[in-house]
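**Student:** Below: one structure in structure tokens.
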Amino acid sequence: MNYKKTAEEIVDKLSVILSPAYHLKVEGVTKGEVFILNYIIASKGPVHPKQISDIMGISSARVSVVLNNLESKGEIRRISDSFDKRRTVIEITEKGREKAIRRRGETVKRLARVLENMGEDETKEFFRTLSVFCKAVSEKQRNQGNN
């Protein structure tokens, strides 16, 4: 099997669902905002901007722009780190939490329609394969951390 060619084909196919044209256009939402809101929720507490930069693989300047947008909309707030007052951490507001939950619900509805169109057998096989893929990615990331 030519793994490189297969990887290129997978990237091409994923670009369909990752393209902006596929997603609902929602006014007032810039790229990364919902990801950041979900990341803060998943972290179960305030996060440092550096953590966001690292997980998204983008510059701290870009993170700052997105955080400024979220803060101006009242969806996050910057507070002093309780352990190091010189540092700032980001926490989600109730408004931000509601937005993230709403957007997740919209995504789940769209995906459910796609899965329904695929049918039960194809959906089960897709989920099984996706689970194997996610496990392999997690193992690869864990192994890279040990190098």
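Once you know that position 137 of the sequence shown is 137 in the working numbering, the rest is easy, because the numbers rise by one and skip nothing.
Each residue gets a CB set at the ideal place from its N, CA and C atoms; glycine is no exception.
1) Cβ of residue 34 within 8 Å of Cβ of residue 103?
2) Which value, in whole angstroms, describes the spacing of the CA atoms of residue 96 and residue 77?
3) Do you know offhand how far residue 71's Cα is from residue 65's?
4) Near residue 55, which residues of its chain fall below 7 Å by C-beta distance, leaving aside the five closest residues on each side in sequence?
5) Let me know the secondary structure DSSP gives residue 88 once reduced to three states.
6) To the nearest angstrom, how far is the alpha carbon of residue 75 from that of residue 37?
**Tutor:** Looking at the atomic coordinates:
1) For the pair residue 34 and residue 103, the CB atoms are nearer than the 8 Å cut-off.
2) Near 10 Å, if we compare the C-alpha coordinates of residue 77 and residue 96.
3) Approximately 10 Å between the Cα atoms of the pair.
4) Here residue 55 has 39 as same chain residues with Cβ atoms under 7 Å from its own Cβ, once five neighbours each way along the sequence are excluded.
5) If DSSP states are grouped into helix, strand and coil, residue 88 belongs with the strands.
6) About 8 Å.
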